[in-house]
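First residue of the sequence shown? That's 1048 in my numbering, and the numbers climb one at a time after it. Backbone N, C-alpha and C fix where the C-beta goes; we use that ideal spot for every residue, glycine too. Computed from a predicted structure; not experimentally measured. Working notes for the structure below.
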Amino acid sequence: MKKLIAGNWKMNGSLAANATLLEALLEGLRGSTPGADVALCVPAPYLAQVQSLLQGSPIAWGAQDVSPHAQGAYTGEVSAAMLQDFACRYSLVGHSERRQQHGETDAVVAAKAQRALAVGITPIVCVGETLAERQAGLTEAVVKRQLAAVIHTVAHCTSEIVLAYEPVWAIGTGQTATPQQAQQVHAVLRAQLAAATKHPARVRILYGGSMNANNAASLLAQADVDGGLLGGASLKASDLLQIVALAG
Ligand code: 13P
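Listed below in structure tokens is the structure:
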């Protein structure tokens, strides 16, 4: 299976800046099929722009969150069906910034993953421990608990998710997990998937947290690292293109 390099723009961008960035990415990929799958998870207001500029290109697009509800009186929420209207292939769910800043529980994250799957959108389920949890020796227990909630809820669709291991202490800090630290957790997650689905190898497990053009190669070389989830590096065309080339 091809590796997946997914960008998470977070709350960054403007119509003008997005157009410049997307043009540079498309220019960089012109004339060759990338050896890795590429996707960008963008702020919801820009989905129409991204759809119009990326359709027919090798770059897929998606959202950063999806409501756990189907429709109705949920002011400010965006439903899976709405994301489907804009041809989203992916949606992040359970990013640590949402877990921490919006109080998303494991059960809410699982419900979001299920809503996405129900309309054919691949949820990129984010798991990861805080620094305090790592220091307390709780890393494996935390990520297993987070993944277990999703497996329990989506059941036979487990092989259709993408998983992203994002240690909270590595996000936006420049303090990347070592390739060995990443591989160790990815192997734990793979074993958990193997117990839950006949097709554990179909689930791509991405690493995220200060991945950049300098450290990507050694992370992507690990046996169970099937791609990357990039924050800052997804806002710079040259960095993203370099990482896509390394993953191919
Ligand atoms: P950075 O790559 O900026 O550390 O962000 C990682 C992330 O949170 C991607 O979802």
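By the 10 Å Cβ neighbour count, where 16 or more other Cβ atoms means buried, how is residue i classified, buried or exposed?
i: Glu-1144; result: buried
i: Gln-1296; result: The chain is shown only over 1048 to 1295; residue 1296 falls outside these bounds and no answer can be derived.
i: His-1233; result: buried
i: Leu-1178; result: exposed
i: Ala-1261; result: Looking at the sequence provided, one finds Asn at residue 1261 rather than Ala. Exposed: under 16 other Cβ atoms inside 10 Å.
i: Glu-1151; result: buried
i: Leu-1062; result: exposed
i: Thr-1205; result: buried
i: Lys-1159; result: buried
i: Thr-1244; result: buried
i: Arg-1162; result: buried
i: Arg-1251; result: buried
i: Ser-1079; result: exposed
i: Ala-1183; result: exposed
i: Gln-1239; result: buried
i: Gly-1123; result: exposed
i: Gln-1230; result: buried
i: Ala-1202; result: exposed
i: Asp-1271; result: buried
Ordered along the chain, which non-local residues of its own chain (more than five positions away) have a Cβ less than 6 Å from that of residue i?
i: Val-1291; result: Ile-1052, Pro-1081, Ala-1083, Val-1085
i: Pro-1012; result: Nothing can be reported for residue 1012, as the shown portion of the chain is limited to 1048 through 1295.
i: Val-1140; result: Val-1156, Lys-1159, Ala-1160, Pro-1170, Val-1172
i: Leu-1100; result: Leu-1069
i: Tyr-1137; result: Ala-1086, Gly-1109, Thr-1169, Ile-1171
i: Asp-1273; result: Lys-1050, Arg-1251, Ile-1252
i: Val-1209; result: Thr-1169, Ile-1171, Arg-1251
i: Leu-1094; result: Phe-1133
i: Gln-1228; result: none
With H, G and I counted as helix, E and B as strand and the rest as coil, what does DSSP make of residue i?
i: Cys-1135; result: coil
i: Ile-1218; result: coil
i: Pro-1226; result: helix
i: Ala-1270; result: coil
i: Asn-1055; result: strand
i: Ala-1083; result: coil
i: Val-1089; result: coil
i: Gly-1075; result: helix
i: Gly-1150; result: coil
i: Gly-1279; result: helix
Excluding the 5 residues flanking residue i on each side, which residues of the same chain have their C-beta closer than 7 Å to its C-beta?
i: Gly-1256; result: Glu-1213, Pro-1214, Ala-1217, Ile-1218, Thr-1223, Ala-1224
i: Glu-1180; result: Thr-1186, Val-1189
i: Tyr-1121; result: Ser-1114
i: Gly-1175; result: Ser-1143, Val-1190, Tyr-1212, Glu-1213, Pro-1214, Val-1215
i: Glu-1207; result: Leu-1164, Thr-1169
i: Leu-1072; result: Ile-1106, Ala-1284, Leu-1287, Leu-1288
i: Asp-1153; result: Arg-1192, Gln-1193, Ala-1196
i: Val-1155; result: Pro-1115
i: Asn-1059; result: Leu-1282
i: Ile-1198; result: Thr-1205, Ala-1243
Short of 8 Å in beta carbon distance, which residues of its chain neighbour residue i, apart from the five on each side in sequence? Order them along the chain.
i: Ala-1134; result: Gln-1098, Gln-1102, Trp-1108
i: Met-1258; result: Thr-1223, Leu-1266, Gly-1275, Leu-1276, Leu-1277, Ala-1280, Ile-1290
i: Gly-1221; result: Ser-1257
i: Ala-1241; result: Pro-1247
i: Val-1125; result: Ala-1091, Ala-1110, Asp-1112, Val-1113, Ser-1114
i: Ser-1104; result: Leu-1073, Leu-1076
i: Val-1235; result: Glu-1187, Val-1190, Lys-1191
Contact set, ligand 1 heavy atom to C-beta under 6 Å: What you get when you keep residues with a C-beta closer than 6 Å to any heavy atom of ligand 1 is Asn-1055, His-1142, Glu-1213, Ile-1218, Gly-1219, Gly-1255, Gly-1256, Ser-1257, Met-1258, Leu-1276, Leu-1277, Gly-1278, Gly-1279, Ala-1280.
4 or more residues per run - each alpha helix (DSSP H) lying fully within the region 1237-1268: The region 1237-1268 contains these whole alpha helix (DSSP H) runs: 1263-1267.
Uninterrupted alpha helix (DSSP H) stretches inside the region 1159-1205 (no shorter than 4 residues): Every unbroken stretch of the alpha helix (DSSP H) spanning 4 or more residues and falling wholly within the region 1159-1205 is given here in chain order: 1178-1182, 1186-1201.
Complete alpha helix (DSSP H) runs within the region 1094-1128 (minimum length 4 residues, chain order): Listed in chain order, they are 1094-1101.
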